[in-house]
Amino acid sequence: MNYEAVIFDIDGTLIDYDYSQYYSLDKLLDIIPWNNSTRPSTKEVFDYWYKEKNEFYNRPDSNKINQYDQQKIILENVLANWKIIVDSTQLTNTLFDIYETSWRAYPDVLECLFNINKYKLCIISNGDSKFQRLKLTKTGLDKYFSEILVSGDIKIKKPDPKIYQTMSDKINIPLEKCVYIGDRLDFDAIGSSDAGMLGVWLNRKNITGKKIPKNVKKIASLQQLTPLLI
Numbered sequence: 003m004n005y006e007a008v009i010f011d012i013d014g015t016l017i018d019y020d021y022s023q024y025y026s027l028d029k030l031l032d033i034i035p036w037n038n039s040t041r042p043s044t045k046e047v048f049d050y051w052y053k054e055k056n057e058f059y060n061r062p063d064s065n066k067i068n069q070y071d072q073q074k075i076i077l078e079n080v081l082a083n084w085k086i087i088v089d090s091t092q093l094t095n096t097l098f099d100i101y102e103t104s105w106r107a108y109p110d111v112l113e114c115l116f117n118i119n120k121y122k123l124c125i126i127s128n129g130d131s132k133f134q135r136l137k138l139t140k141t142g143l144d145k146y147f148s149e150i151l152v153s154g155d156i157k158i159k160k161p162d163p164k165i166y167q168t169m170s171d172k173i174n175i176p177l178e179k180c181v182y183i184g185d186r187l188d189f190d191a192i193g194s195s196d197a198g199m200l201g202v203w204l205n206r207k208n209i210t211g212k213k214i215p216k217n218v219k220k221i222a223s224l225q226q227l228t229p230l231l232i
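133 is the number that this note's numbering gives to position 131 of the sequence shown; each next residue is one higher, with no gaps.
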């Protein structure tokens, strides 16, 4: 197949979401007045945050709530779990300030984008449009992509086939000539594959025990992407 477009997810694929979230929470926990309580470990809070985040993003209305309010809701749930009574608005503002300074691309990203620059490079990401685009700008990745589509733009989120079709229509390249890479097997690789693209699961965390459909490819690093395009 002569592929023409290579399309990426953002968080966990291009930008190290886990690092940014862990770093931000660690700094935030140092600010919270624990009074007579014992400060929980950052890992403990991070794991709880991750659970709350996944539950929130699975809500049917999550795509209608902006990133600030999403983070505030999740933070309030985390604070309630440790029975901390503070101004959640002020803490959310602080969290955002820290978060924006911690965004970074994975080490394999720039080399990969350079090696495949003959293809049309695009983005499809779930989330708040302004916030996701800001991540790309802050990390300097925005200049590599000719089209960026965020679920908040059209109120359709992965793995709905319509979001992949929307990108195909925007760039005027058939689905079957598009490759989509993401760190989620279900939302990214299977979702894009079901829509008609070549779905590639970027398994950075070496997750095992997952049943991978025959029409989905798996890689452990973006260094392994180029051979799939030949």
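Note that CB positions come from ideal geometry on N, CA and C, so glycine has one too. Since the model is a prediction, treat every value here as computed from it, not as a measurement.
Per DSSP, the bridge partner or partners of residue i
{"i": "K219", "result": "V202"}
{"i": "L123", "result": "V8"}
{"i": "V181", "result": "V8 and L200"}
{"i": "I17", "result": "D13 and A107"}
Residue environment, residue i, which counts as buried when at least 16 other CB atoms sit within 10 Å
{"i": "T94", "result": "buried"}
{"i": "T15", "result": "buried"}
{"i": "A82", "result": "exposed"}
{"i": "N49", "result": "Sequence inspection shows Asp at residue 49; the Asn mentioned does not correspond to that position. Looking at its Cβ environment, which holds fewer than 16 other Cβ atoms inside 10 Å, D49 is exposed."}
{"i": "K207", "result": "exposed"}
{"i": "Q73", "result": "buried"}
{"i": "G211", "result": "exposed"}
{"i": "K55", "result": "buried"}
7 angstroms Cβ cutoff, residue i in contact with chain C
{"i": "E54", "result": "No chain C is part of this structure, which consists of one protein chain only."}
As assigned by DSSP and simplified to three states, the class of residue i
{"i": "F10", "result": "strand"}
{"i": "V152", "result": "strand"}
{"i": "V80", "result": "helix"}
{"i": "I232", "result": "coil"}
{"i": "I129", "result": "Sequence inspection shows Gly at residue 129; the Ile mentioned does not correspond to that position. Here G129 sits in coil by DSSP."}
{"i": "V88", "result": "coil"}
{"i": "M169", "result": "helix"}
{"i": "I192", "result": "helix"}
{"i": "E39", "result": "At residue 39 the sequence reads Ser, which differs from the Glu that was named. Reduced to three states, the DSSP call for S39 is coil."}
{"i": "T96", "result": "helix"}
{"i": "L143", "result": "coil"}
Residue j beta carbon less than 7 angstroms from that of residue i
{"i": "D28", "j": "T40", "result": "no"}
{"i": "A107", "j": "T139", "result": "no"}
{"i": "I173", "j": "K122", "result": "yes"}
{"i": "S104", "j": "Y25", "result": "yes"}
{"i": "F147", "j": "I125", "result": "yes"}
{"i": "I221", "j": "L204", "result": "yes"}
{"i": "D110", "j": "S223", "result": "yes"}
{"i": "D11", "j": "D190", "result": "yes"}
{"i": "S90", "j": "L77", "result": "yes"}
{"i": "K213", "j": "L230", "result": "no"}
{"i": "L136", "j": "L30", "result": "no"}
{"i": "I118", "j": "V8", "result": "yes"}
Taking 8 angstroms as the threshold, find out whether the stretch 123-132 comes into contact with the stretch 63-70 through three or more Cβ pairs.
-> Yes, the stretch 123-132 touches the stretch 63-70.
Determine contact between the stretch 184-204 and the stretch 159-174, defined as no fewer than three beta-carbon pairs at a distance below 8 angstroms.
-> These segments touch.
On the three-pair Cβ rule with 8 angstroms, is the stretch 149-159 touching the stretch 174-188?
-> Not touching, per the Cβ criterion.
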